[in-house]
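Each remark here refers to the structure printed beneath this line.
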Amino acid sequence: MNKNIKARSIKFKYQTGVSAAGKPKYSYNTIGNIDSAVSDEIIFGMVEVIAKVQQTPSADVEIAETTVLN
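In my numbering, the protein residues as written are 81 to 150.
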């Protein structure tokens, strides 16, 4: 069985406030269409650079992959 990465994206999660019940509210920003040939090291480097220029710090960062097994 082979694993082929078809698409990658980076999803940033930001806390944007608090609900009336006191629970955090979040918003998201996604950078999509990252070439499957880009290594994890480069992606992590991109995340570090993006974090330095963000006005609101990220509460969480996810890397999502769409992978086909054949």
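Virtual Cβ for every residue (Gly too), placed ideally from N, Cα, C.
Distance, Cα to Cα, residue i vs residue j?
i	j	result
Ala100	Glu142	27 Å
Gly102	Asn109	23 Å
Glu121	Asn150	26 Å
Ile85	Val129	24 Å
Val148	Lys83	6 Å
Gln135	Phe92	13 Å
Between which two residues does the alpha helix (DSSP H) carrying residue i extend?
i	result
Lys132	Asp120 to Val133
Nearest to residue i by alpha carbon, out of the options?
i	options	result
Gly112	Gln95, Ser89 and Ala144	Ser89
Ala87	Asp115, Lys93, Asp120 and Gln95	Asp115
Val98	Phe92, Ser107 and Lys91	Ser107
Glu145	Thr96, Tyr94 and Ala117	Ala117
Bridge partners for residue i per DSSP, in chain order?
i	result
Thr146	Ala87
Glu109	Just to set this straight, residue 109 is Asn in the shown sequence, not Glu. DSSP lists Phe92 as partners of Asn109.
Give the secondary structure of residue i by DSSP, where H, G and I count as helix, E and B as strand, and everything else as coil.
i	result
Asp115	coil
Lys103	coil
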